[in-house]
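*Asks:*
Number of protein chains: 2
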Amino acid sequence: MNAALQHETLTRSVEDYLKAIYRLSPQGRAASTSEIAQRLELSPASVSGMVKRLSEQGLLEHVPYKGVQLTADGRRAALRMLRRHRLIEAYLVAFLGYTWDTVHEEAERLEHAVSDTMVERMAAVLGNPAVDPHGDPIPTSDGDIHETAGIPLSEVPAGARVEVRQVEESQPDRLRYIASLGLRPGVRFTVVDRQPFRGPITIEVAGRTHVVGSELGQVVRCAGDEDA
Amino acid sequence: MNAALQHETLTRSVEDYLKAIYRLSPQGRAASTSEIAQRLELSPASVSGMVKRLSEQGLLEHVPYKGVQLTADGRRAALRMLRRHRLIEAYLVAFLGYTWDTVHEEAERLEHAVSDTMVERMAAVLGNPAVDPHGDPIPTSDGDIHETAGIPLSEVPAGARVEVRQVEESQPDRLRYIASLGLRPGVRFTVVDRQPFRGPITIEVAGRTHVVGSELGQVVRCAGDEDA
DNA sequence: ACTCAGATTTAGGGTAGGCTAAATCTGGGA
DNA sequence: TCCCAGATTTAGCCTACCCTAAATCTGAGT
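Protein sequence lines, in the order shown, are assigned to chains A and B. Reading the first sequence from the start, the letters are residues 0 to 227 in numbering that gives the first Met the number 0. Reading the second sequence from the start, the letters are residues 0 to 227 in numbering that gives the first Met the number 0.
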C-alpha cells in the first residue's frame, strides 16, 4: 500500500488518466488506448506512452494491444479523484452560486489542488452528501462507491413513470437544455412514447410534453418509480 | 494589453515567479536573482533561465547582473495572484474552519486553480474584504492595492500604545506562537520596553506581559493608535 | 587601479508529458 | 487461410522547468 506515498507524487496528468480509465471501465472491463485518448483529448501515441509509465508504477495493468485495467492502487487513486470532483461540484452549487452546467470545469481544476483536509471540510459542511448535482454517487473517503446506475431513458418502456437519477453529461449547453426541460435528479416524469431504432422519445415533465432525441436518452438515467 | 491572453497561458511556475518578484520589489526596486531563488527555493541558475524567458515574454525587465523589475503586464499578473491568494485565505478562514496558521499552504495551491469567476464569488460572499487574515491588503480586481504598511514592532518606541496591522509571516509554527501572545490584526497593545541593538521587546497585550525577540518585531507591523 | 569573493549567467543534462510519422499488430471478411 | 483497415506501439522530436558545474561579471577594499 504505497498509495499514501503516491498521493503526494501523482501529477495532474496522472490523476486525469486514472480518473478517465475508471470512468471507462464499468465493472472492470478493460479500457482501450483510443477510448482514453478520446476522453482526454490526447493523441493515442501519447496515451500509449503514459500507459507504459503508469503500469511500471503499478497503477494499472496493461496487456499490449488489448487494453488497460486499474490495479487496486490505481482504483483507489481514481476514486479519490472522483470524490474530490463530485464534492467540489456539490460545494460550489451549495455555497458559491454555481449551477450544474458550470461546475464541471471549475471542479476539473480544483480537484487537483485541494488538500484532503479541505475536501473533508467541504463534505462536512455539506452534510456528507451521497450524490453530486448531476446525481452521480460520491465515493466515501475510504473508497466505497454505490454505483446506483439507473436505466437510460432510452430504455424506459413507453407509459412508465420514472424518476431522474443521474444526468451523465458535462457539456454546459447540453446541461442547460436538459434543465430547461425540467429534468434534474429527483424529478419524476412520464415516458409517453418511444420510437424504435433510436428514434425520438416523448416525455411529460410537470405537465408539459417534450420530444427528445435518443442521444439525450442515453445520458439521462432513471429509476422506476417505486412509490407511484 | 495582451495580459488577458496571457492569463490563460501563464503556468503555475510563472505565476509564482511574478508573485515572488512583486513581493521583493517594494516601490519598484529591482529584485536580484538570488533573492528570487531563495524565496522560491530554487537554484539561482534556474531563476536566471526563467528570468530570461519572462523578459522575452514582456512580463519583466531584466538588466543582466543587476536585477529584474516587473513590467506593467507582469505587475498586473502578480497583483491578480496576490488577490487570489489573499481572498482564498480569507474565505477558508471564514467558511471552512481554517485558522491563520494553516491557510497559507492551501491558498498557495488553490490560487493557481480557481477561476476569476470563483474568486469574485468568494469576494462577494465575504463582503469584499480589504485585508486577509494576516492583515495584508487585498488588491482590487482591477489591480489597485493600498499598501498600508504599518511600522515594524521593532521600531515602535517604548511606551507607545499601538494596534497590530499586519503579520508578515507564513510559517504555521511562528503564526501559532504569535497568536498565543494574543497578537493578531486589529488587537491593541502597549510596547513597555525595547532594548537597543535588536534586543528583546517587552509588550503588554490584554493585561499580560510578554518579552519577544527582534525577529518577531520585524514581522509584526503596527499602526499608531489614533483614537487612544 | 587591481584583485578576488560572491553573484550571476551559461553550458550541459534530466524528467514529465505532449506531438507526428512510421512501424507493427489484430481480427473480421473474402 | 489470407489480407488489409484500423488500432496500437515505437521512434524521434519538442517545450517547460528544474539541476549541477563551469565560466563570467561586478564592486568593495586595498
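No residue lacks a Cβ here, since even glycine has one placed at the ideal position from N, Cα and C. Keep in mind it's a predicted model, so treat the numbers as computed, not measured.
1. If you drop the 5 nearest sequence neighbours on each side, which residues of the same chain put their C-beta closer than 6 Å to that of Ile200 of chain B?
2. With the cut-off set at 8 Å, would you say Gly57 of chain A and Ala29 of chain A are in Cβ contact?
3. Kindly say whether Ser12 of chain B, judged by its beta-carbon, lies nearer than 8 Å to any beta-carbon of chain A.
4. Taking Ile177 of chain A and Val186 of chain A to be in contact with their CB atoms under 8 Å, please state how far apart those CB atoms are, rounded to whole angstroms.
5. Taking 8 Å as the cut-off, decide whether the C-beta atoms of Leu180 of chain B and Val163 of chain B are in contact.
6. Using the Cα positions of Asp226 of chain B and Thr101 of chain A, report the straight-line distance between them to the nearest angstrom.
7. Would you give the residue range spanned by the beta strand (DSSP E) that Asp100 of chain A belongs to?
8. To the nearest whole angstrom, what separates the beta carbons of Val161 of chain A and Ala76 of chain A, a pair I think is in contact under 8 Å?
9. Check distances from the C-beta atoms of the region 114-125 of chain A to those of chain B and list, in chain order, the residues that come in under 9 Å.
10. Nearest by alpha-carbon distance to Met117 of chain B: which of B:Leu86, B:Phe94, B:Gly134 and B:Pro138 is it?
11. For Glu88 of chain B versus Asp143 of chain B, is the C-beta spacing smaller than 8 Å?
12. What's the C-alpha gap between Gly158 of chain A and Leu174 of chain A?
13. Counting only Cβ-Cβ distances shorter than 7 Å, please list the residues of the region 95-110 of chain B near chain A, keeping chain order.
14. Taking the Cβ atom as the reference point for each residue, do Lys18 of chain A and Leu81 of chain A lie within a distance shorter than 8 Å?
15. Return helix, strand or coil for Gln194 of chain A, following the three-state DSSP convention.
16. Pick helix, strand or coil for Ala2 of chain B, following the three-state DSSP scheme.
17. In angstroms, rounded to a whole number, what distance separates the CA positions of Glu107 of chain A and His84 of chain A?
18. Quick one: what's got a C-beta closer than 6 Å to Gly73 of chain B's C-beta in the same chain, skipping five residues either side?
19. If you measure from the beta carbon of Ala112 of chain A to each beta carbon in chain B, is any gap under 8 Å?
20. Can you tell me where the beta strand (DSSP E) with Glu167 of chain B in it begins and where it stops?
21. Have a look at B:Glu214, B:Gly198, B:Arg197 and B:Thr189 and flag the residue whose alpha-carbon is nearest the alpha-carbon of Gly206 of chain B.
22. Check whether the Cβ atoms of Leu182 of chain B and Val219 of chain B lie closer than 8 Å to each other.
23. Taking DSSP as the reference, what is the three-state secondary structure of Arg173 of chain B?
24. Going by DSSP, name the residue or residues bridged to Pro136 of chain B.
*Replies:* Looking at the coordinates:
1. As a first step, residue 200 of chain B is located in the second sequence; it is residue number 201 there, counting from the start. Once the five neighbours on either side are set aside, the close Cβ partners of Ile200 of chain B are Arg193, Val211 and Gly216.
2. Your numbering for residue 57 of chain A matches position 58 in the first sequence. Your numbering for residue 29 of chain A matches position 30 in the first sequence. Not closer than 8 Å, so no.
3. Here residue 12 of chain B is taken as the residue at index 13 of the second sequence, counted from 1. Chain A contact via Cβ: absent.
4. Locating residue 177 of chain A in the first sequence gives position 178, counting from the first residue. Locating residue 186 of chain A in the first sequence gives position 187, counting from the first residue. Rounded, the Cβ-Cβ distance is 10 Å, inconsistent with contact.
5. Counting from one through the second sequence, the residue named residue 180 of chain B turns up at place 181. Counting from one through the second sequence, the residue named residue 163 of chain B turns up at place 164. No, the Cβ-Cβ distance between Leu180 of chain B and Val163 of chain B is not below 8 Å.
6. The sequence position of residue 226 of chain B within the second sequence is 227, counting from 1. The sequence position of residue 101 of chain A within the first sequence is 102, counting from 1. Only weak support is given to the placement of Asp226 of chain B: the predicted model assigns it a pLDDT of 45, under 50, and the value that follows is read from those uncertain coordinates. Cα to Cα, Asp226 of chain B sits roughly 48 Å from Thr101 of chain A.
7. Along the first sequence, read from residue 1 onward, the residue named residue 100 of chain A stands at position 101. Segment: none, Asp100 of chain A is in no beta strand (DSSP E) and carries neither H nor E.
8. Residue mapping note: residue 161 of chain A aligns to position 162 of the first sequence, counting from 1. Residue mapping note: residue 76 of chain A aligns to position 77 of the first sequence, counting from 1. The pair is not a contact, with the Cβ atoms about 35 Å apart (cut-off 8 Å).
9. Ser114, Thr116, Met117, Arg120, Met121, Ala123 and Val124
10. Numbered from 1 along the second sequence, position 118 holds the residue referred to as residue 117 of chain B. Nearest option by C-alpha distance: B:Leu86.
11. Looking up residue 88 of chain B in the second sequence gives position 89. Looking up residue 143 of chain B in the second sequence gives position 144. Their beta carbons are not under 8 Å apart, which means Glu88 of chain B does not touch Asp143 of chain B by this criterion.
12. Position 159 of the first sequence holds residue 158 of chain A. Position 175 of the first sequence holds residue 174 of chain A. Distance between the alpha carbons of Gly158 of chain A and Leu174 of chain A is about 25 Å.
13. Leu95, Gly96, Glu105, Arg108 and Leu109
14. Counting from 1 along the first sequence, the entry for residue 18 of chain A is found at position 19. Counting from 1 along the first sequence, the entry for residue 81 of chain A is found at position 82. In contact: Lys18 of chain A and Leu81 of chain A (Cβ atoms closer than 8 Å).
15. Position 195 of the first sequence, counted from the start, is the residue given in the question as residue 194 of chain A. Coil, per DSSP.
16. Sequence index remark: in the second sequence, residue 2 of chain B carries index 3 (1-based). Residue placement at Ala2 of chain B cannot be trusted, given a pLDDT of 45 that sits under 50; what the coordinates show is reported in the next sentence. Three-state DSSP puts Ala2 of chain B in a helix.
17. Translated into positions along the first sequence, residue 107 of chain A becomes position 108. Translated into positions along the first sequence, residue 84 of chain A becomes position 85. Between Glu107 of chain A and His84 of chain A, the C-alpha separation is close to 7 Å.
18. Along the second sequence, one-based indexing puts residue 73 of chain B at 74. If we look at Gly73 of chain B and ignore the five residues flanking it on each side, its Cβ neighbours are Leu17, Leu58 and Leu59.
19. The count along the first sequence starts at 1 and reaches residue 112 of chain A at position 113. For Ala112 of chain A, the answer is yes, since a Cβ of chain B falls inside 8 Å of its Cβ.
20. For the purposes of this step, residue 167 of chain B is identified with residue 168 of the second sequence, where counting begins at 1. Segment: none, Glu167 of chain B is in no beta strand (DSSP E) and carries neither H nor E.
21. Walking along the second sequence from the start, residue 206 of chain B turns up at place 207. Answer by Cα proximity: B:Thr189.
22. Within the second sequence, residue 182 of chain B is the residue found at index 183, counting from 1. Within the second sequence, residue 219 of chain B is the residue found at index 220, counting from 1. Yes, the Cβ-Cβ distance between Leu182 of chain B and Val219 of chain B is below 8 Å.
23. Stepping through the second sequence from its first residue, residue 173 of chain B is reached at position 174. Note: Arg173 of chain B maps to helix in three-state DSSP.
24. Walking along the second sequence from the start, residue 136 of chain B turns up at place 137. BP columns for Pro136 of chain B point to B:Val130.
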